[in-house]
Every structure is written in C-alpha cells, then in structure tokens.
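Single-structure report; data block below.
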Amino acid sequence: MLILNCPYCGVDAEETELAAGGEAHLKRFGPGSSDDEFHDYLFMRENPKGVHFERWRHANGCGKWFHAARCTQSLEVFGTYSAQTTEPPKEIKDAITAKRPGWTWREFS
Amino acid sequence: MKHYSAFAVAREALRYHTGWERAWRSPEPKKRYDAIIVGAGGHGLATAYYLGKNYGIQNVAVIEKGWLGGGNTGRNTTIIRSNYLQDPSAAIYEKARGLYEDLSQELNYNIMFSPRGVIMLAQTQHEIRGYQRTAHANALQGVQTEWIGPERVKELVPIINLEGPRYPVLGGLWQERGGTARHDAVAWGYARACSAMGMDIIQQCEVTGVRQENGRVVGVDTTKGAIDCDKLGIVVAGHSGQLAEMAGFRLPLEAVALQALVSEPIKPCMDVVVMANTVHGYMSQSDKGEMVIGGGTDAYNNFTQRGSFHHIEETVRALVETFPMISRLKMLRQWGGIVDMTGDRSPILSKTPLQGCFINGGWGTGGFKAIPGSGWGMAQLMATGHSSLTEAFSLDRFKEGRFIDESVAAGVAH
C-alpha cells in the first residue's frame with residue numbers, strides 16, 4: 001500500500017486515507033487562450049513511466065492538499081511537499097537526482 | 001496451416017500426436033514490411049488479421065516486447081457485451097460482438113465464445129433511469145438489450161441477494177447475446193491465422209525508436225535491429241504514451257492499474273455474467289468453475305501491473321453482500337494490468353501527426369470485448385485512410401469537443 005507523509009500534519013498516511021488529485025504544477029488556461037493551450041491543459045496529462053509529480057489530498061485526515069514526487073514504475077516515493085508552490089523544491093529534486101540521475105519531467109530536471 | 005477438426009484429433013490420436021505443428025512461426029524479422037503493428041495483443045493481432053483478410057495486405061509484421069497475448073489480453077475478465085449508450089461505441093462494440101459469434105469457425109480455432117448473457121445490475125434509482133435510457137438507445141442502435149425487473153434478475157441469477165441493505169437489486173440491463181470467451185484463445189487464434197497468411201509475429205522484440213523522414217514514418221528501431229515499413233500501427237495499450245513519444249507526438253492518456261481475481265473452482269452456480277457498477281464489481285463463472293471477479297482501477301498513475309490491495313477488499317466486500325454464498329470462497333489468484341485511460345473513457349483509433357503512423361489505444365478498462373471490431377476498423381483505417389467505425393474515435397475529438405462520453409454511461413466497469 002502506498003504511504004505518503006503529509007507535509008502539513010506530519011502523519012504517514014496510507015492510501016485509503018488519501019485522495020489522488022492528478023498531475024501537479026498545472027498551468028491553467030482559460031478564456032483568451034488558444035485552442036491548443038486549452039486542449040493541452042484539459043487533456044494532455046504527463047504520463048511518465050518513472051518520475052512523476054502529483055497532487056494528493058489528505059482527505060481522511062487533516063484535509064490539506066499537498067504534492068508528492070513518486071516513481072510510477074517502482075512506486076517509490078521520493079518525497080512530499082507543500083502545495084503552496086509552482087515547482088518542486090530543491091531538496092525534492094536532489095532526492096530524485098540521487099536515485100534517478102538525469103531525470104526530467106516537463107520543464108523540471 | 002493444418003486444419004483443426006474432429007478428424008485431425010482422431011488422426012493424431014492414432015499416431016501418438018506426433019503430427020501437430022506449431023500454431024504460428026517465430027521468424028527473424030525481414031528488412032522491410034508493408035505494415036508493422038507494434039503490440040501482439042488481441043487488438044494488434046486482429047488489426048493484422050483484417051489487414052490481410054479484408055485488404056490483401058499480407059506483408060505484415062507484428063512486433064511484441066514480451067510474449068503474444070501476455071498483456072491485457074491475458075489479464076481481463078473476458079466479458080463481451082455491446083450495451084453502450086453512445087452511437088459510435090455501440091457501433092464498434094456491436095460489430096465486435098457480432099464477429100465474436102462465429103470467430104471460432106472463421107479462425108478454425110476454438111475461442112470458446114459463450115453467449116450466456118450479461119446483466120448490469122441497477123442498485124440505485126439513478127442507475128434505473130440510466131439503464132432504461134441505455135435500453136432505449138440500444139433499441140435505436142439495433143443492439144438487442146432489455147430492461148428487466150428484480151424478479152427476472154433473481155430467475156437468471158438464483159444466488160443473488162435482492163434485498164441487500166446497502167445495495168438492493170432494483171433491476172438490470174440484460175443483454176442476452178453478451179457473454180464471455182477464452183481470452184488467450186482470441187490472441188492465439190488470430191496469431192495462428194496471421195501466421196498462416198505469411199505474416200511474421202516477432203516476440204521478445206522491443207521497439208526502441210520510430211524512424212521518420214519528412215514527417216512520414218519509414219520504420220522502427222528494435223532490439224533486433226532496424227525494420228523498414230510503409231505504415232505503422234501502434235497498438236500497445238498501457239505503453240501507448242511511450243510509443244507516441246518515440247514517434248514524436250503526445251496522447252491524452254494516463255496509465256493506471258486495473259485488477260482482477262479468481263476464486264477456487266466450485267460447482268456451477270451462476271450461468272450469466274453479472275456486473276454491479278455502483279459497487280465496482282463484476283463476476284462470472286469460468287468453465288473450470290472459478291468465480292472470475294473484476295474490480296476498480298487505482299486512482300493514480302501506475303505501471304506496476306499489481307494494483308492496490310484495498311481495491312480488492314472493496315470489490316469483494318460489495319460482492320459478498322450481493323452474493324452471500326461467495327463469502328467462504330478462497331481466492332486463488334489476483335493480478336493487474338496497465339490500462340490507458342482517456343478523458344471521455346472511449347478509445348482512440350486514429351491517424352496521428354506522423355504520416356503513415358496510426359494509433360489504436362485508450363481502451364481503458366474495456367478493451368477485450370472490442371477486439372474483433374477494433375481490428376476490423378483499425379485495418380480499414382490503415383488500409384484506406386478512412387473507416388466509419390473508427391471515425392468518431394479520432395485523436396482530434398478532444399480539441400473539437402466531440403467527446404464520446406462513456407465515463408458516465410458505462411461507469412467504472414467498462
């Protein structure tokens with residue numbers, strides 16, 4: 001079972017305590033954007049076999065949204081961090097680099 | 001290819017079964033093919049088969065990373081039905097169901113199609129309205145289904161508990177000619193027929209790159225070297241995104257794990273397929289007597305072919321309430337498959353931004369039932385550039401807002 005540490009309340013939460021919220025760090029496109037931008041924003045999710053960044057909610061706990069860095073191939077969790085950011089913090093990136101040298105995900109690496 | 005028949009069995013019995021030949025050849029790849037299909041699952045093999053049979057394109061290779069039929073074709077719960085709400089879905093799934101009817105004869109390979117009937121249970125007021133609507137839609141589409149009341153459900157499924165406290169059975173959508181088939185045999189039968197046409201099925205060969213010139217596909221790089229082709233079909237389910245990346249475009253797909261499990265074998269107790277979408281569980285009894293149970297998908301991206309344990313618990317908990325007699329069954333095996341999900345839960349059968357390259361994927365949780373129809377439409381698309389079966393499932397439907405919304409119509413068990 002997937003276990004993620006909630007960065008807000010500090011609890012190691014099991015999967016049944018959490019709600020998955022899909023891809024993290026989406027840039028939102030609304031009125032005035034082009035068809036391509038809106039299409040990509042709505043439907044083109046990252047679907048990597050490897051390093052992935054996601055939103056999770058500690059639904060049956062403190063209720064807070066947070067971010068997790070995870071490997072979709074091994075289910076290894078690299079770390080969790082605050083939702084109040086537009087990109088993964090340096091320590092998370094470093095933790096991934098230590099285990100997956102040369103990783104990239106969207107514009108991050 | 002030697003014909004399988006009762007006579008052949010008798011002949012071989014008399015000579016100690018020394019005359020059987022391998023069902024398909026395992027050749028080394030040639031330098032060039034007219035068409036290459038990546039993925040030797042049901043959909044890929046069916047595409048190759050109909051390319052050869054319907055369009056005379058027989059210089060074809062089917063390339064498979066693992067072994068033939070070892071992905072989702074061998075991991076599903078073998079259910080065949082076509083009771084979909086939307087017209088394009090009903091058309092392609094009903095085409096498939098119709099082809100399944102005499103596929104054993106056509107392929108000369110027993111796929112054990114068993115049109116035993118499929119019930120989708122209505123367990124909420126919302127589902128009653130939804131399934132009655134689907135029954136009316138099916139009547140207009142020429143798909144034979146009917147809405148039945150709880151008494152008829154009990155007649156068809158004596159082991160069901162109609163009066164469950166949380167999930168009472170209020171009726172169901174009944175498709176009498178739905179059923180099951182032997183999933184491996186579908187892949188094996190198509191593979192044998194493809195091989196007999198002279199097509200090459202190349203297993204243990206991973207595609208590592210898609211080669212292109214001037215916006216047109218010219219071949220693939222594989223672990224067995226480069227192979228040239230005029231046309232390329234990508235039919236790889238969970239790894240569609242990875243193949244698309246090699247070809248230089250992206251797909252609106254996410255890969256998640258879907259699980260199933262089977263019980264120990266017991267005496268015959270249920271001769272129809274029962275699906276309960278409210279509780280994300282479905283069950284049928286295999287010819288060996290095992291209860292075959294399918295559950296829900298994980299909520300997060302996953303390539304592990306395992307899936308989360310709590311989903312099994314949720315599925316089994318709900319099914320035990322609906323079928324109290326299974327509460328003491330031991331479960332024998334559990335497994336997972338990686339399914340590629342689109343936003344509208346309908347597949348993608350389409351041309352791609354790379355000329356000569358076609359995609360057949362996004363079948364999500366419900367691809368097995370569609371194999372013959374999918375192959376039929378995909379072959380038409382690859383051979384002629386157009387297919388009325390696949391037209392609505394094109395890649396640009398997301399940008400144009402032409403969704404084929406089965407996420408509401410079909411629920412999770414799809």
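Protein sequence lines, in the order shown, are assigned to chains A and B. Sequential numbering of the first sequence, starting at 1, is according to UniProt numbering. Sequential numbering of the second sequence, starting at 1, is according to UniProt numbering. Cβ atoms here follow ideal geometry from the backbone N, Cα and C, with glycine treated the same way.
Exposed unless 16 or more other CB atoms sit within 10 angstroms - verdict on residue i
i, result
"L389/B", "buried"
"A46/B", "buried"
"Q84/A", "exposed"
"D40/A", "buried"
"T208/B", "exposed"
"L332/B", "exposed"
"D340/B", "buried"
"residue 112/A", "What is shown of chain A runs 1 to 109, which leaves residue 112/A out entirely."
"H414/B", "Confidence at H414/B is low in this model, with a pLDDT of 48, below 50, so its placement is unreliable and the value that follows should be read with caution. By the neighbour-count rule (16 or more Cβ atoms within 10 Å), H414/B is buried."
"D344/B", "buried"
"A10/B", "exposed"
"E155/B", "exposed"
"W56/A", "buried"
"P268/B", "exposed"
"H3/B", "exposed"
"I111/B", "buried"
"H311/B", "buried"
"G102/A", "exposed"
Presumed contact (8 Å Cβ cut-off) between residue i and residue j, rounded CB distance
i, j, result
"V60/B", "M246/B", "In fact, because the Cβ distance is near 20 Å, the residues do not count as touching under 8 Å."
"Y50/B", "A181/B", "Not confirmed; about 18 Å, so no contact."
"A260/B", "D298/B", "Wrong, their Cβ atoms sit about 13 Å apart, outside the cutoff."
"Y167/B", "V279/B", "6 Å"
"M44/A", "P252/B", "5 Å"
"V169/B", "L121/B", "6 Å"
"A35/B", "D230/B", "7 Å"
"T315/B", "G289/B", "Their Cβ separation, rounded to whole angstroms, is 20 Å, which puts T315/B and G289/B out of contact at 8 Å."
"L107/B", "G248/B", "Not quite, the Cβ-Cβ distance comes to about 36 Å (not below 8 Å), so this is no contact."
"residue 424/B", "Q58/B", "What the structure shows of chain B is the stretch from 1 to 414, and residue 424/B is not part of that stretch, so it cannot be assessed."
Inter-residue Cα distance where the pair is residue i and residue j
i, j, result
"G411/B", "L14/B", "Confidence at G411/B is low in this model, with a pLDDT of 45, below 50, so its placement is unreliable and no value can be given for it."
"R133/B", "A237/B", "30 Å"
"F403/B", "A276/B", "25 Å"
"K95/B", "G10/A", "54 Å"
"K49/A", "P31/A", "32 Å"
"G337/B", "G233/B", "21 Å"
"G117/B", "T104/A", "49 Å"
"I371/B", "G63/A", "43 Å"
"G385/B", "F358/B", "10 Å"
"residue 426/B", "I37/B", "Here chain B covers residues 1 to 414 and nothing more, so residue 426/B does not appear."
"R22/B", "D184/B", "16 Å"
"E87/A", "P7/A", "16 Å"
"A48/B", "G61/A", "51 Å"
"P27/B", "S195/B", "10 Å"
"D94/A", "G362/B", "34 Å"
"N161/B", "A244/B", "47 Å"
"A68/A", "H17/B", "58 Å"
"residue 493/B", "A187/B", "With chain B represented from 1 up to 414, any question about residue 493/B goes unanswered, as that position is not in the structure."
"A409/B", "I92/B", "Reliability of the predicted coordinates at A409/B is poor, the pLDDT of 48 falling under 50, and the value obtained from them is presented with this limitation in mind. Distance between the alpha carbons of A409/B and I92/B: 16 Å."
"R25/B", "E400/B", "44 Å"
"T16/A", "N5/A", "13 Å"
"E76/A", "H52/A", "10 Å"
"K90/A", "T80/A", "12 Å"
"V218/B", "G225/B", "14 Å"
Residue i: CB within 7 Å of a non-hydrogen atom of the ligand FMN
i, result
"W188/B", "This structure simply doesn't include the ligand FMN, nor any ligand for that matter."
Residue-chain proximity (residue i, chain D), Cβ-Cβ < 8 Å
i, result
"L2/A", "The structure shown contains no chain D; the protein chains it does contain are A and B."
Compile a chain-ordered list of the residues in the region 36-62 of chain A whose CB is closer than 9 Å to at least one CB of chain B. Across the region 36-62 of chain A, CB contacts with chain B closer than 9 Å involve D36, F38, H39, D40, L42, F43, M44, R45, E46, N47, P48, K49, G50, H52, E54 and W56, in sequence order along the chain.
Are three or more beta carbon pairs between the region 61-73 of chain A and the region 298-306 of chain B nearer than 8 Å? The region 61-73 of chain A vs the region 298-306 of chain B: in contact.
Counting only Cβ-Cβ distances shorter than 8 Å, please list the residues of the region 72-91 of chain A near chain B, keeping chain order. Residues are counted here when their Cβ sits less than 8 Å from a Cβ of chain B; for the region 72-91 of chain A these are T72, Q73, S74 and L75, given in chain order.
Relative to chain A, which residues along the region 251-284 of chain B have a C-beta separation below 9 Å, given in chain order? Those residues of the region 251-284 of chain B placed with their C-beta closer than 9 Å to a C-beta in chain A are L251, P252, L253, E254 and A255, ordered along the chain.
Using a beta-carbon distance cut-off of less than 7 Å, what residues from the region 291-315 of chain B approach chain A? Listed by position along the chain: A299, Y300, N301, N302, F303, T304, S308, F309 and H310.
Does the region 62-69 of chain B come within contact of the region 199-208 of chain B, defined as at least 3 CB pairs closer than 8 Å? Between the region 62-69 of chain B and the region 199-208 of chain B, the count of C-beta pairs closer than 8 Å reaches three or more; the two stretches touch.
Listed from N- to C-terminal order along the chain, which residues in the region 6-21 of chain A have their beta-carbon within a distance smaller than 8 Å of any beta-carbon of chain B? Within the region 6-21 of chain A, the residues whose Cβ lies closer than 8 Å to some Cβ of chain B are E15, T16, A19 and A20, listed in chain order.
Using Cβ-Cβ distances below 7 Å, what residues of the region 324-344 of chain B are close to chain A? Taking a C-beta cut-off of 7 Å against chain A, the contacting residues of the region 324-344 of chain B are G343, listed in chain order.
Residues within the region 380-403 of chain B neighbouring chain A, beta-carbon criterion of under 7 Å: For the region 380-403 of chain B, which is checked against every Cβ of chain A, the residues closer than 7 Å are F398 and K399.
Tell me which residues of the region 84-100 of chain B have at least one Cβ-Cβ distance to chain A shorter than 7 Å, keeping chain order. Sequence-ordered contacts of the region 84-100 of chain B with chain A are nonexistent [C-beta pairs closer than 7 Å].
Is the region 79-96 of chain B touching the region 130-148 of chain B in the sense that three or more CB pairs, one from each, lie closer than 8 Å? Contact check between the region 130-148 of chain B and the region 79-96 of chain B: three or more CB pairs, one atom from each, fall below 8 Å, which counts as touching.
If you measure beta-carbon to beta-carbon, which residues of the region 123-149 of chain B are closer than 7 Å to chain A? Answer in chain order: no residues at all.
Do the region 279-296 of chain B and the region 71-81 of chain B meet, that is, are 3 or more Cβ pairs less than 8 Å apart? Segments in contact, yes.
Listed from N- to C-terminal order along the chain, which residues in the UniProt domain "Rhodanese" (36-79) of chain B have their beta-carbon within a distance smaller than 7 Å of any beta-carbon of chain A? Listed by position along the chain: nothing, the set is empty.
By the 7 Å beta-carbon criterion, what residues does the region 220-246 of chain B contribute toward chain A? Here the close residues are G241 and Q242.
Between the region 374-382 of chain B and the region 348-356 of chain B, can you find at least three pairs of beta-carbon atoms closer than 8 Å? Contact between the region 348-356 of chain B and the region 374-382 of chain B is established, with three or more Cβ pairs separated by less than 8 Å.
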